[in-house]
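Colleague: Quick one: structure below, then a few questions.
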Amino acid sequence: MTDPLVLCIALPLVGAMLVTALPRWSVRLGIVSALATAGAAVALTAAVWQQGTLHLILGGWDAQLAIALRADGLATALVLMANLVGLGISVYATGYFHDRLRVRSFWPLWLLLWAALNGLFLAGDLFNLYVMLELLGIAAAALGALTGNRDAVAANLRYLLVGLLGSISYLLGVALLYTAHGTLDLGLLAQRIAAAPELFAVNAAAMALMVAGLALKAALFPLHFWLPPAHANAPAPVSAALSALVVKAAFYLILRLWLDLFWPITGMAAAMLPALLGAVAVLWGSWRALRAERLKLLAAYSTVAQIGYLFLFLPLLTATPPGPARDDLLAALLLMAVTHGFAKAGFFLAAGLVQTNAGHDRIDDLGGTAQRLPATTFAIALSGSALIGLPPSGSFIGKWLLMQGAIATGQWWWVIVVTTGSLLASAYVFRVLSRAFGLEPTPLKFITDARAEVPALTLALISVAVLGLASGPLWTLLGLSAAGSGTGGGV
Amino acid sequence: MSWDYAALLPGAIVLSSLLPGVFIFLVREESHTLRTVLNLVGAIAKLVLVGLMIYGVWLGQVFETRIAIAPGLTLVLNADALSVLFVTLSTVLWLVTTVYAIGYLEHSTNRSRFFGFFSLCVSATVGIALSGNLLTFVIFYEILTLATYPLVAHRGTPEATRGAKIYLAYTLSGGLLLLVGAVWLRTLTGPVDFVEGGMLGGLSPDLHGQLVAIFAVLLAGLGVKAALVPLHGWLPQSMVAPAPVSSLLHAVAVVKAGAFGIVRVVYDVYGVTLASQLGLLTVLGVLASFTIVYGSILAMTQDGLKKRLAYSTVSQVSYIALGTSLLGPVATVGGLVHLVHQGIMKITLFFCAGNYAETLGVANVSQMDGVGRRMPLTTLAFTVGALGMIGIPPIAGFVSKWYLGLGGVEAGQHWVLVILATSTLLNAGYFLPILYRAWFRPLPASWPKEHHFHTRFETMGALLWPPVITAVFCLLAGLLASAPFSPLEWARLIAEREYGL
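Each protein sequence line maps, in turn, to chains Z and F.
Residues in the first sequence are numbered consecutively from 3, following our numbering.
Residues in the second sequence are numbered consecutively from 748, following our numbering.
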């Protein structure tokens, strides 16, 4: 099987087995697997770019029973983001762990997590999605506890239990749907839900269970309580993966269900609830980030806020009729998710460097460290400006379109949420950056540790320069440009 | 997207300082020569490119760089008469300031960081000048904030950190307001391109209420950088920055960006006729007049030389807004020409203030007795700048005030003359005592902190010549005001186009 759809999942899985079987070679095998997987993701993107949505049925049975894989624009964009970020994290990780035991446990778990992540993005049926979700949760919790200290183990045990609770809630919803409609395939199920309005109660109950379970995993306020300790106490490359990718996967699933499955039954009221919670998440997460004493805790709370922004799109998507304006919103949503992925990974990797270099990550005492590591400080500054949504970052374009949609649909209150959130974000980012301008001595070199600083800086740069100045391909990938070019394209 | 010369030039002008800036960050701290070469190559290349562009615009060529960010969102850089005015000002003054900054920071630390952000700052400014639509303007406006923050914080002292924080709080909030206004306007009209004569004239009268509200939001956003009272609080606080940065903030980049934005919004977005109909010009005029008087009064009470100059900027920049708020081409000329004139005069004054501080350790007006005899060339330059600010002919400032007054009379707003007269008296009130002390008071026994440079002049060459050159500019801009390509003639050309004459 050489289909890139399969390779994206199979390669990291094979890699995980190899590093388990040959632990002495784990770093080398791990980095080769990472490169191969990222290559497969690029190939997948190229294929989707040329051919449009890809489908694959594994096992030769018909769609109701077999494992179905599907790559549309939304999934592909997230796969590409996740795999490039994953590659950056892998390169960074080669130099991060020094203890042999940690090295040997990191690589198998990390590659397993990677496989689950790709599987989740590409899965085409609900049960498959459940398996991947479970696998992802277990691998993530195990990785998070890798430092082995009490706080980390406690936080990640909680993370594991919360994850299981979320999965169970999701599985209940799946069971309801299967009983009612007799299929798990996303495409078939969508048709049957649309064709059976009399089953509204069952569908709505299933939706509530599934979305609630996933919202727990996506750390939507007030279900975010588990995230800050788990993300802040994990080793830096793991924090990056958890915050940038794993949370995003849960959100992706909500979006997928919302747009593909439940669109006939999602009204304004249903969309308002998650959006309101998202708005509180933006404000509360940013506020807690501002009050955080440690750099990694700040980054973790910032994730809570950034996930909140994504939920603000739901009522706007509901209120906007299909057409270029809705396409813009969808692309903006994807752009914000992708930008946050790159930016937060860059931020956590840089924060990890600060922590190893200074021996701590207390923001108020970071004075000299910021000067000793100019490239790291730059990575924090760049990814920080993407978190705030300053131009030319991708999230600037995202927020522009978000506010535009909010004003156009008359939901102007989201503009207040977005601006307040941005102000709070500037406050917490510049609270860190102001430490870089002390009276401490001048650095001698820009780059001090290439293997760690280059990935952090590259990821941050992608979030700022590439996504902000050339986000057009996302529209193409979503297959929207054809619809958008006629009427609303403008200049 | 065509990649011919005319489509590349505006982008190249932005890149000519952006790329050297990026490389400067990577330069080792001790590589003084390499950094200087990068700085000067960037500055001179930009000057040459701008020269080519002026020549082309004069021949009637259209320069436009377009980059599609996303469907419906396009980055547009183009050269109309107004952008040429601002781009030329910042490019010429940047070259001078770079020379000055190299001399000024000779022995300080973190120079690569400083000059890196310095270049980014100018790239953002020319980006603002060349912006062809509101989206592009907002993008560069925000980048300017980010690029200047490290410059204000550069010294690293607690006061510098505090000043930078205040600067950031003001400008980022302003930037957000501008963003909200821009997005709101876009939902009404689609892409907001800058068009001579305005682009909102055709909009239905039902939307006029919203347009007024949008103007208020945009003005609040732009007014922060333009230091309109009561949004001026950051400007005196950011005086902790090194002298070249103050020059940049006050004359070339930040306050100018705000004032330029106001000009753009009034003339090329709303159109001066619509703005006048909606009563927006009156609001702007009142705010500007209040700022002019209030800034001057505060300037009189300051003993710190740089603080006094800062409040003087608060006052003087609002002349640009005042000229914009008066309906009629003559006032427009007065406001636009002051964009250039205030720049060259204020930069001269700040260079001189920096020279006094670096050479003699003099930072307060009360310490300036006899500086004219110790540093005659610097003080001569300072005198030219100060007299120009007061509006003494034949220095540049006189031309601005003349046209503003004439424009006020033409528009039937005779109160403008009162504002101008009051302001002139106040200007004289805070500048003439300095000149008196500098030239006529006896020298003190010793200076607070005197440096001796190994030179036969009063101070280091890189510090001395920039203010002398800009002082000569001030004289030339006044003396040769009606020569072709003078700021005044160019402002006339813009005014004619804006009013469709």
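The beta-carbon is built from N, C-alpha and C at its ideal position, and this holds for glycine as well.
Only a predicted model underlies this, so the values are computations on that prediction, with no experimental measurement involved.
Does any residue of chain Z have a CB that is nearer than 9 Å to the CB of F/Met748?
Modeller: At F/Met748 the pLDDT is 41, less than 50, meaning the model places this residue with poor confidence; the figure from the coordinates comes in the next sentence. Not closer than 9 Å to any Cβ of chain Z, the Cβ of F/Met748 fails to qualify, so no.
Colleague: Please list, in chain order, the chain Z residues whose beta carbon lies closer than 7 Å to that of F/Phe772.
Modeller: Phe448, listed in chain order.
Colleague: If distances are taken between C-alpha atoms only, which option among Z/Leu285, Z/Ala210, Z/Ala273, Z/Ala345 comes closest to Z/Ala301?
Modeller: Selected option, being the one with the closest Cα: Z/Ala345.
Colleague: Quick one: what's got a C-beta closer than 7 Å to F/Leu919's C-beta in the same chain, skipping five residues either side?
Modeller: Excluding residues within five positions, the ones whose Cβ falls inside 7 Å are Thr892.
Colleague: Starting from the beta carbon of Z/Gly343, find every residue of chain F whose beta carbon is closer than 7 Å, and list them in chain order.
Modeller: Residues of chain F passing the Cβ test: none, with the nearest at roughly 18 Å.
Colleague: Who are the Cβ neighbours of Z/Phe398 in its own chain at under 7 Å, not counting the five residues just before and after it?
Modeller: Same-chain partners within the cutoff: Gly391, Leu392, Gly470.
Colleague: For the alpha helix (DSSP H) containing Z/Asn151, list its first residue and its last residue.
Modeller: Where Z/Asn151 is concerned, there is no enclosing alpha helix (DSSP H), given that its DSSP letter is neither H nor E.
Colleague: Would a check of beta-carbon distances place F/Ala817 closer than 9 Å to chain Z?
Modeller: Yes - at least one Cβ of chain Z is within 9 Å of the one on F/Ala817.
Colleague: Just to check my reading of the structure: Z/Val466 and Z/Pro394 have Cβ atoms closer than 8 Å, yes? What is that Cβ distance to the nearest angstrom?
Modeller: Yes, they are in contact, since the Cβ atoms of Z/Val466 and Z/Pro394 sit about 6 Å apart, within 8 Å.
Colleague: Quick one: what's got a C-beta closer than 8 Å to F/Ala916's C-beta in the same chain, skipping five residues either side?
Modeller: For F/Ala916, where only same-chain residues beyond five positions count, the Cβ hits under 8 Å are Trp981.
Colleague: Could you run through the stretch 908-930 of chain F and flag, in chain order, every residue whose CB is less than 9 Å away from some CB of chain Z?
Modeller: Within the stretch 908-930 of chain F, the residues whose Cβ lies closer than 9 Å to some Cβ of chain Z are Thr908, Ala911, Lys912, Leu915, Ala916, Leu919, Ser920, Gly922, Leu923, Leu924, Leu926, Val927, Ala929, Val930, listed in chain order.
Colleague: In whole angstroms, what is the alpha-carbon distance linking Z/Val44 and Z/Leu82?
Modeller: The straight-line gap from Cα to Cα measures roughly 6 Å.
Colleague: Write down the C-beta distance between F/Gly944 and F/Gly1018 rounded to the nearest angstrom, noting that I regard them as a contact closer than 8 Å.
Modeller: Contact flag correct, Cβ pair sits at about 5 Å.
Colleague: Does Z/Phe315 pass the burial test, meaning 16 or more other C-beta atoms within 10 Å, or should it be called exposed?
Modeller: So Z/Phe315 counts as buried.
Colleague: Would the beta-carbon of F/Leu1112 fall within 9 Å of that of F/Pro1180?
Modeller: Note that residue 1112 of chain F is Val in the sequence shown, not Leu. Contact: yes.
Colleague: Can you find a C-beta in chain F that's less than 9 Å from the C-beta of Z/Gln406?
Modeller: Yes, because at least one Cβ of chain F sits closer than 9 Å to the Cβ of Z/Gln406.
Colleague: Candidates F/His1088, F/His997, F/Gly1032: which alpha carbon is nearest F/Val1013's?
Modeller: Out of F/His1088, F/His997, F/Gly1032, F/Gly1032 has the C-alpha closest to the C-alpha of F/Val1013.
Colleague: My output table needs one value for F/Ile1142: the three-state DSSP class, helix, strand or coil.
Modeller: DSSP places F/Ile1142 in coil when its eight states are reduced to three.
Colleague: Of the residues Z/Leu86, Z/Ala291, Z/Lys219, which one's Cα is nearest the Cα of Z/Ala458?
Modeller: It is Z/Leu86 whose Cα lies nearest to the Cα of Z/Ala458.
Colleague: DSSP on Z/Ala364, reduced to helix/strand/coil?
Modeller: Residue 364 of chain Z is actually Arg in this sequence, not Ala. In this structure, Z/Arg364 counts as strand in the three-state DSSP scheme.
Colleague: Which value, in whole angstroms, describes the spacing of the CA atoms of Z/Thr433 and F/Glu811?
Modeller: Residue identity differs from the one stated: residue 433 of chain Z is Arg in this sequence, not Thr. Rounded to whole angstroms, Z/Arg433 to F/Glu811 spans 39 Å at the Cα level.
Colleague: What's the gap between the Cα of F/Leu966 and the Cα of F/Thr780?
Modeller: Between F/Leu966 and F/Thr780, the C-alpha separation is close to 43 Å.
Colleague: In terms of residue numbering, what span does the beta strand (DSSP E) encompassing F/Thr821 cover?
Modeller: Per DSSP, F/Thr821 belongs to the beta strand (DSSP E) from 820-825.
Colleague: Run through DSSP, which three-state label would Z/Val493 get?
Modeller: The predicted position of Z/Val493 is uncertain, since its pLDDT is 30 and thus under 50; a value taken from the coordinates is nonetheless stated next. In this structure, Z/Val493 counts as coil in the three-state DSSP scheme.
Colleague: Counting only the same chain and skipping the five closest in sequence on each side, list residues whose C-beta sits under 8 Å from that of F/Met800.
Modeller: Around F/Met800: Leu756, Pro757, Ile760, Phe810, Ala826, Val831, Val834.
Colleague: If you drop the 5 nearest sequence neighbours on each side, which residues of the same chain put their C-beta closer than 6 Å to that of Z/Thr460?
Modeller: Taken in chain order, the list of residues that qualify is empty.
Colleague: Helix, strand or coil for Z/Ile267, going by three-state DSSP, please let me know.
Modeller: Z/Ile267 falls in the coil class under three-state DSSP.
Colleague: Flag Z/Ser424 as yes if its beta-carbon sits less than 9 Å from any beta-carbon of chain F, otherwise no.
Modeller: So, interface residue.
Colleague: Which residue from F/Gly1132, F/Ala988, F/Thr1079, F/Leu836 puts its Cα closest to that of F/Glu906?
Modeller: Checking every option, the nearest Cα to that of F/Glu906 belongs to F/Ala988.
Colleague: Identify, in the order they occur along the chain, each residue of the same chain with its Cβ nearer than 6 Å to the Cβ of Z/Ala157, setting aside the five sequence neighbours on each side.
Modeller: Result list for Z/Ala157: Pro231, Ala232, Asn235, in chain order.
Colleague: Can at least three beta-carbon pairs, one atom from the stretch 1002-1009 of chain F and one from the stretch 1042-1052 of chain F, be found at a separation below 8 Å?
Modeller: In short, these stretches do not touch, since the Cβ pair count stays below three.
Colleague: Name the two residues that bound the continuous beta strand (DSSP E) containing F/His1161.
Modeller: Element bounds for F/His1161: n/a, residue is neither H nor E.
Colleague: Leaving out five residues before and five after F/Leu1173 in sequence, what residues of the same chain have Cβ atoms less than 6 Å from its Cβ?
Modeller: Around F/Leu1173: Ser1043.
Colleague: Examine chain Z for any beta-carbon lying closer than 9 Å to the beta-carbon of F/His901, and answer yes or no.
Modeller: So, interface residue.
Colleague: Pull out every residue of the stretch 409-424 of chain Z whose Cβ sits closer than 7 Å to any Cβ of chain F, in chain order.
Modeller: Per Cβ criterion, the list reads Ile409, Ala410, Val417, Thr421, Ser424.
Colleague: I want to see whether chain F comes within less than 9 Å of Z/Pro239, judged by CB atoms only; does it?
Modeller: By this cut-off, Z/Pro239 is not an interface position.
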